[in-house]
Structures are given as structure tokens and as C-alpha cells.
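**Student:**
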Amino acid sequence: MPPVTPSSPPLTASHVRDDRGRDARSPGDIPVRGLWDVSLRVLSRLTSDRVMLAAAGVSFYVMLSLFPGLAALVSLYGLIADPTTIAGRLDFLSELLPADGVAMILGQLQALADENDSTLSTGFLVGLGVSLFSARNGMVALFEAMNIAYQEPEKRGFVHTTLLAIAFTLGAMAILAVIVTALAILPLIMSVVFISERAEMIVGLIRWPILIGVIWLGTVMIYRYGPSRENAQLRWLTWGTLLSTLIWMIMSLGFTFYLENFADFNATYGALGTFIGFMFWAWLSVVILIVGAMLNAELEHQTAEDTTTGPAQPMGQRGAHVADTLGESQ
Numbered sequence: 001m002p003p004v005t006p007s008s009p010p011l012t013a014s015h016v017r018d019d020r021g022r023d024a025r026s027p028g029d030i031p032v033r034g035l036w037d038v039s040l041r042v043l044s045r046l047t048s049d050r051v052m053l054a055a056a057g058v059s060f061y062v063m064l065s066l067f068p069g070l071a072a073l074v075s076l077y078g079l080i081a082d083p084t085t086i087a088g089r090l091d092f093l094s095e096l097l098p099a100d101g102v103a104m105i106l107g108q109l110q111a112l113a114d115e116n117d118s119t120l121s122t123g124f125l126v127g128l129g130v131s132l133f134s135a136r137n138g139m140v141a142l143f144e145a146m147n148i149a150y151q152e153p154e155k156r157g158f159v160h161t162t163l164l165a166i167a168f169t170l171g172a173m174a175i176l177a178v179i180v181t182a183l184a185i186l187p188l189i190m191s192v193v194f195i196s197e198r199a200e201m202i203v204g205l206i207r208w209p210i211l212i213g214v215i216w217l218g219t220v221m222i223y224r225y226g227p228s229r230e231n232a233q234l235r236w237l238t239w240g241t242l243l244s245t246l247i248w249m250i251m252s253l254g255f256t257f258y259l260e261n262f263a264d265f266n267a268t269y270g271a272l273g274t275f276i277g278f279m280f281w282a283w284l285s286v287v288i289l290i291v292g293a294m295l296n297a298e299l300e301h302q303t304a305e306d307t308t309t310g311p312a313q314p315m316g317q318r319g320a321h322v323a324d325t326l327g328e329s330q
């Protein structure tokens, strides 16, 4: 990962109140000139902080943790429902994500689900252990990317970072298992109130807001607890979360359309085409996630007000670089 290079001028009295939002208490209080400063700093850091390279490293570790994680997910889901139904409940994702990549993942899920019960029980422990070990590397890489976005050195110890990575991984698995189970139960509940055809239609509609809500929540959690710093107030996380969620959805739809109508990765990469296409999508997703974090960071960097949680502290004592210093004005 590239080194963190803070570059903020010292605080002076002239900085505290001007037309650039130095006294802003939320991102919405920053005027146009201040937002222009924020935008220029984000654009500059895309190259100076080597965001594309950092995203490639994170994507690599995430892909390494993917298939062991699927084994653990199937085992966890099998504790509360029939594991052979999990692939069918997630096939709607092909409407948003690259279809070949989703098919690859669902095929692996189905193969794991078709194993007998004893294998699933053993697989839960083995798969969970392997996936947590692999996901630890992926999550730590993601945390380091957040440190780059917020210009922070890693100050947490190995145990702290590992436990945090495990908590994120288990949380993601649990939420996904609950969502898949809910998608199985909702049609039955809705059919009691509505006719079966209408129930299926309603479930088909509400699953998208649920998916967006989960993505939003996950992004906020990563932005708040990923970087090694004093936690930011939630209001200073909303703009980057909104931007990254919207751009990610547009990118996913656009990239899926591109793959289905123009590109043929299989012609270039052969049997690896599906995997390469999915990894390229993962890389773009991580780039968007980092850019959203950088936007949040530079919005904090624009104001002299305390943006961290807890009692207000003077600059230099807040435990976060972007809260303790001011970003440059153009």
C-alpha cells in the first residue's frame, strides 16, 4: 500500500471563518467554493495516493476470500434453512451484477449445498476457519485502503485488527443468511394477504430496497470503523456513502450491459474469462468505495469544527488527521 503523506497547512485565525466552510458543522454547510476545494483535493489524491493500485491489492485479497467464504455461508444458511435453495434465492443478482460472474458464484454455492449434511457440518467449521483467515487479509487490506483515504497510519495492533476483520466477516455472513431466509419466507407470508401472483411481484420489488439498504449500511460501517482514527460523526459519512452507492449501482448496471453486448472476456482469456471479468468488476467496486471515503475525508478536512464523536476537542487533539488539520484552498 502507498505511504500516507499528510499535506495540510497550519491552522490560522483567517482559516476559521470564511466563504469556504471552515466553520461548517455538516457537509451541507460548506459553500460552493469550499466544495470546489474538496473536489480538487479528491481528484489530486486519486493519482498521488495511487488509488487504482490500492484497489487492485484489495480486490486480489477479496477474491481470495470469496470461495472459502461461500463454503461458510452455505453451512451457516444450512443451520436455518434448506441449503439447496440458497442459489435460487440469489439468482436475481444477475440483473445487477455481471451475469457470468453471478452464475459462477451460484454454481459454486449449489455444488456446496448439494453435499450431504455431515459434510456441511464439518464444512461449516473448516470453511468458516479458512474463510475467516482469508477474509482477515481481505478486510485488513480494505482497512488499509480506508487509512489511505483518511490519511492515517495504522495504529491498531494485530489482535485488534484481526478481531475487527472477523467481526465484519461474520456480520456480513449473518446478514446475507438472514436476507436469503427472508426472501424464502416473505412469499409465504404475503400469499396469505394477497394472491400468490401479487405476492411474488411485491417480493420482487421490495428485495431491491432491502439490497440497497444493506449496501448502504455496510458502506457506512466500513467508512466509520475501517480507518485507524477516532470515529467520525455519521453526518460526515453520508455524502461519500450516497455517492459510492449510486455510482456503484450505475457502474454495475453499465458494466453488466457492456459485458453482455460488447465485451467477450472468454475470447481473450479463455476459460478464465468469467473470473477476469468478475475481478475487473470487483476492482471498479473497490475504487468507487475508496473514492467515497476520500470525499468524506476531504469534507471533514474542509472545516475547523470537530467532526469526531464525543465531546468537542480543539484541533490537534481529536485523534483524526482530517479533523486535526485543514485542507488546502485553491
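The sequence shown begins at 1 in the UniProt record's numbering and counts up by one. Glycine included, C-beta positions come from ideal geometry on N, C-alpha and C.
My assumption, with CB atoms under 8 Å, is that L73 sits in contact with M146. Please give the rounded CB distance.
**Tutor:** Their Cβ separation, rounded to whole angstroms, is 24 Å, which puts L73 and M146 out of contact at 8 Å.
**Student:** What are the partner residues of T308, as DSSP defines its beta bridges?
**Tutor:** DSSP output for T308 lists A232 as bridge partner(s).
**Student:** Which residues in the same chain have their Cβ closer than 6 Å to the Cβ of S26, if we skip the five residues on either side of it in sequence?
**Tutor:** For S26, where only same-chain residues beyond five positions count, the Cβ hits under 6 Å are R235.
**Student:** Short of 6 Å in beta carbon distance, which residues of its chain neighbour V159, apart from the five on each side in sequence? Order them along the chain.
**Tutor:** No residues qualify anywhere along the chain.
**Student:** Give the list of continuous beta strand (DSSP E) stretches no shorter than 3 residues that lie fully inside the stretch 252–307.
**Tutor:** Runs of the beta strand (DSSP E) inside the stretch 252–307: none found.
**Student:** Can you tell me whether P311 is buried or exposed, with buried defined as 16 or more other CB within 10 angstroms of its CB?
**Tutor:** So P311 ends up on the exposed side.
**Student:** So T256 and L97 are in contact, right, with Cβ under 8 Å, and what is the actual spacing, rounded?
**Tutor:** That belief holds up - the Cβ atoms of T256 and L97 are roughly 6 Å apart, short of 8 Å.
**Student:** Any idea if G69 is buried or exposed, counting beta-carbon neighbours within 10 angstroms, 16 or more meaning buried?
**Tutor:** Per the 10 Å Cβ criterion, buried.
**Student:** So does L234 have its beta carbon nearer than 6 Å to some heavy atom of the ligand ZN?
**Tutor:** This structure simply doesn't include the ligand ZN, nor any ligand for that matter.
**Student:** Between which two residues does the alpha helix (DSSP H) harbouring residue 349 extend?
**Tutor:** Residue 349 lies beyond the stretch modelled for the chain, which goes from 1 to 330, so this question has no answer here.
**Student:** When the Cα atoms are used, what is the spatial distance from Y77 to A113?
**Tutor:** If you take the alpha carbons of Y77 and A113, they lie about 10 Å apart.
**Student:** Evaluate Y223 with the Cβ neighbour count: other Cβ atoms within 10 Å of its Cβ, from every protein chain shown; 16 or more gives buried, anything less gives exposed.
**Tutor:** By the neighbour-count rule (16 or more Cβ atoms within 10 Å), Y223 is buried.
**Student:** Output needed for residue 348: all residues of its chain with C-beta closer than 7 Å, excluding positions within five of it in sequence on either side, in chain order.
**Tutor:** As shown, the chain starts at 1 and ends at 330. That puts residue 348 outside it, with no answer to give.
**Student:** With distance defined between alpha-carbon atoms, name the residue in S228, T245, L66, E115 nearest to I215.
**Tutor:** Of S228, T245, L66, E115, the residue nearest in Cα terms is T245.
**Student:** What are the boundary residues of the alpha helix (DSSP H) that M315 is part of?
**Tutor:** Careful: M315 lies outside any alpha helix (DSSP H) and carries neither H nor E.
**Student:** Please report the distance separating the alpha-carbon of G34 from that of I175.
**Tutor:** Straight-line Cα distance between these residues: approximately 38 Å.
**Student:** Assuming Q302 and A24 form a contact by the criterion Cβ under 8 Å, report the distance between their Cβ atoms to the nearest whole angstrom.
**Tutor:** Right, their Cβ atoms sit about 7 Å apart.
**Student:** What number of angstroms, rounded off, separates the C-alpha of F265 from the C-alpha of A177?
**Tutor:** Distance between the alpha carbons of F265 and A177 is about 31 Å.
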